[in-house]
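Number of protein chains: 2
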Amino acid sequence: MYVTNPAEYLAKMPVRTLASSGAKTAEARLKAGHYLYFEGDQVDWLYQVTSGVLRLTRLLEDGRRQVIAFGYPGDIVGFPSAGLHHTDCDALVDARLQPYRRSVLENGEGDPKLHHALLQAALCEISAMQDHFMMLGRKSAVEKVASFLCVLSDRVGEDLGEHTQVNLPMSRADIADFLGLTTETISRTFTQLRKSGIIAINNIHTIVVLRPDTLLTLSLGDRN
Amino acid sequence: MYVTNPAEYLAKMPVRTLASSGAKTAEARLKAGHYLYFEGDQVDWLYQVTSGVLRLTRLLEDGRRQVIAFGYPGDIVGFPSAGLHHTDCDALVDARLQPYRRSVLENGEGDPKLHHALLQAALCEISAMQDHFMMLGRKSAVEKVASFLCVLSDRVGEDLGEHTQVNLPMSRADIADFLGLTTETISRTFTQLRKSGIIAINNIHTIVVLRPDTLLTLSLGDRN
DNA sequence: GAGGTTTTGTATCATTTTGTAACAGATCTG
DNA sequence: CAGATCTGTTACAAAATGATACAAAACCTC
């Protein structure tokens, strides 16, 4: 059987920019807390994150929230459906963005290579979201948190020689809304992982993965 | 605030075929229980469902399963990521499928209109999956089941004058794996809806929505 | 249609996760 | 700096869901 790696989510795009050399649109900047677009907005541009971290969210009328994804460097955000945005998007920390015209993706205007690259990014997004389905639908709290940390560690972890340090720019509530849990459960699970010596919590936004192999095992939910 | 309709999932594509008139590829047939492709297979074709119902699934090593989607007439299945399928796909009931070459989507070969239509289907898929994220991550069992029935009722319900009849070709286990629940919870919830007079269960695969408005209210999780 | 197998429904019990609340620690503001 | 306001942690109670067991129904297969 082809083995699904449930921790594949977020490991989507090479960090290299897609922009062709000529006629490049100027990079945009987005300050922490500021919104790039809202649900229902007309889509004119797609954006590739160059630096910083974005947050894509959806709201239910009663206030319940789902964090659809975090946008890390290399990720493309803003794919339209029927020409509209279907999430809100804001920056967790100051971010730089490379904009691409929507028409490049949808009408093939401009560089064909860029059109192809954006299309591939969209297709990649579909498969990445399928991974996250498994996460949301079929994993326990510990497995979810472990998966989340594994992915971030692989993708944006800083090598500390012995261990890997991971910066968490998002709040516990963001993590909870991403994984379909409550903030309390996130806190409890972090504490549990810390007490087991699997991670260390330097400060609220900085954790260190002490035993990556154990964390990975937990994330896969091995009942062995 | 722009109101997210959580029951939007599955309401993806018009049932009309995308195929351009000329040089049309012959329609394919897939018998109930037979597989169209497996996770890891090379993608050569995309398929639009003409009739019947498909099931897209993913497996975890320990046997846990997530039903990614049900493919109803109008839906496109088989979007590649890195050229490969990332789900299994089989037919719940005999199905007819209109195949489109992968290269039409990815390399723009052939009819540009078809290329555009497939691209739009992919983008639509992304937004539909975002809806389902909300479902999996933030909804209770009753809300999930109610949403599921609402969507099916809207999409493929048969008008019985007073009420709407919905055929459920999938098993309780399929519904459970689609909604991130267990079969027992599905059974319990169905019974609960039946006893409340919101639905009637003619037989295992046929339910009737008696009070669509109440079902919709339940699906939205109004705590009013 | 008989006999066996699988699926579904129901009840009970166990576990996980959530809700609540109190408190601690940050961060903000004037 | 002091007070106010978030955010995060922890403990305990409550609720929802899952697991188990078993009976009933549906479905193969011969």
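Taken in order, these protein sequences are the chains called A and B. With numbering that gives the first Met the number 0 applied, the first sequence covers 0 to 223. With numbering that gives the first Met the number 0 applied, the second sequence covers 0 to 223. The beta-carbon is built from N, C-alpha and C at its ideal position, and this holds for glycine as well.
Rounded C-alpha distance that separates residue i from residue j
i      : j      : result
B/I198 : B/N166 : 13 angstroms
B/L219 : B/E60  : 34 angstroms
A/L214 : A/Q191 : 12 angstroms
A/H84  : B/L117 : 19 angstroms
B/R95  : A/D158 : 52 angstroms
A/V66  : B/K30  : 39 angstroms
B/L55  : B/R210 : 30 angstroms
A/V52  : A/V155 : 11 angstroms
B/G32  : B/M169 : 11 angstroms
A/F69  : A/G62  : 20 angstroms
B/I185 : B/S195 : 15 angstroms
B/V174 : B/E26  : Rather than Val, the amino acid found at residue 174 of chain B in this sequence is Ile. Their Cα atoms are separated by approximately 28 angstroms.
B/L178 : B/A140 : 8 angstroms
A/L251 : A/R193 : Shown here, chain A extends from 0 to 223; a query on residue 251 of chain A therefore has no answer.
A/T163 : B/H204 : 51 angstroms
B/P72  : A/P98  : 36 angstroms
A/D93  : A/T24  : 19 angstroms
B/L104 : A/M133 : 27 angstroms
A/R64  : B/G160 : 37 angstroms
A/Q47  : A/T86  : 16 angstroms
A/T182 : B/N201 : 42 angstroms
A/T188 : B/R28  : 49 angstroms
B/H131 : B/D74  : 16 angstroms
B/D176 : B/V150 : 17 angstroms
A/P13  : A/H115 : Low confidence applies to A/P13: its pLDDT is 42, below 50, so where it sits in the model is not reliable, and the reading given next is rough at best. Answer to the nearest angstrom: the Cα atoms are 15 angstroms apart.
A/M0   : B/D89  : Note on A/M0: pLDDT 34, under 50, position unreliable in the model; the coordinate value appears next. Near 16 angstroms, if we compare the C-alpha coordinates of B/D89 and A/M0.
A/I206 : A/D212 : 16 angstroms
A/S20  : A/T49  : Since pLDDT at A/S20 reaches only 47, below the 50 mark, its modelled position is unreliable, and no value is offered.
A/D43  : B/D43  : 32 angstroms
Residues that residue i contacts on chain B, provided the C-beta gap is smaller than 7 angstroms
i      : result
A/T86  : Q129
A/A121 : A121, L122 and I125
A/G179 : L135, G136 and R137
A/G220 : D61
Presumed contact (8 angstroms Cβ cut-off) between residue i and residue j, rounded CB distance
i      : j      : result
A/K143 : A/L91  : Their Cβ separation, rounded to whole angstroms, is 20 angstroms, which puts A/K143 and A/L91 out of contact at 8 angstroms.
A/L45  : A/R101 : 6 angstroms
B/S152 : B/V76  : 22 angstroms between Cβ atoms; not a contact.
B/L217 : B/A145 : 4 angstroms
A/Q129 : B/R57  : 6 angstroms
A/L135 : B/L135 : 4 angstroms
B/A121 : A/A121 : 6 angstroms
Chain A contact residues for residue i, given Cβ-Cβ distances below 8 angstroms
i     : result
B/P98 : Under the 8 angstroms cutoff, chain A gives no residues; its nearest Cβ is about 18 angstroms from B/P98.
Partner residues on chain A for residue i, Cβ-Cβ distance less than 7 angstroms
i      : result
B/E183 : Those do not exist, as B/E183 stays about 16 angstroms from chain A at its closest Cβ, beyond 7 angstroms.
Chain-ordered neighbours of residue i on chain B, where CB pairs are closer than 9 angstroms
i      : result
A/S80  : Q119, L122, C123, E124, I125, S126, A127 and Q129
A/E108 : Correct list: empty, because the minimum Cβ distance to chain B is about 12 angstroms.
A/E105 : H115, L118, Q119 and L122
Chain B contact residues for residue i, given Cβ-Cβ distances below 8 angstroms
i      : result
A/I67  : Q129 and F132
A/R210 : The contacting residues do not exist; A/R210 stays about 21 angstroms from chain B at best.
Endpoints, alpha helix (DSSP H) assigned at residue i
i      : result
B/L219 : P211 to L219
A/I125 : P111 to R137
B/I185 : T182 to K194
A/E105 : R101 to E105
B/I174 : R171 to L178
Where the beta strand (DSSP E) containing residue i begins and where it ends
i      : result
A/R54  : W44 to L58
A/L29  : A27 to L29
B/Q65  : R64 to G70
B/D158 : E157 to L159
A/H204 : It is not in any beta strand (DSSP E) - A/H204 carries neither H nor E in the DSSP assignment.
B/L35  : Y34 to Y36
A/H162 : H162 to N166
Three-pair Cβ contact test at 8 angstroms for the segment 79-86 of chain A versus the segment 121-135 of chain B: The segment 79-86 of chain A is in contact with the segment 121-135 of chain B.
Under 8 angstroms: do the segment 29-49 of chain B and the segment 95-113 of chain A share three or more Cβ pairs, one atom per stretch? No, the segment 29-49 of chain B is not in contact with the segment 95-113 of chain A.
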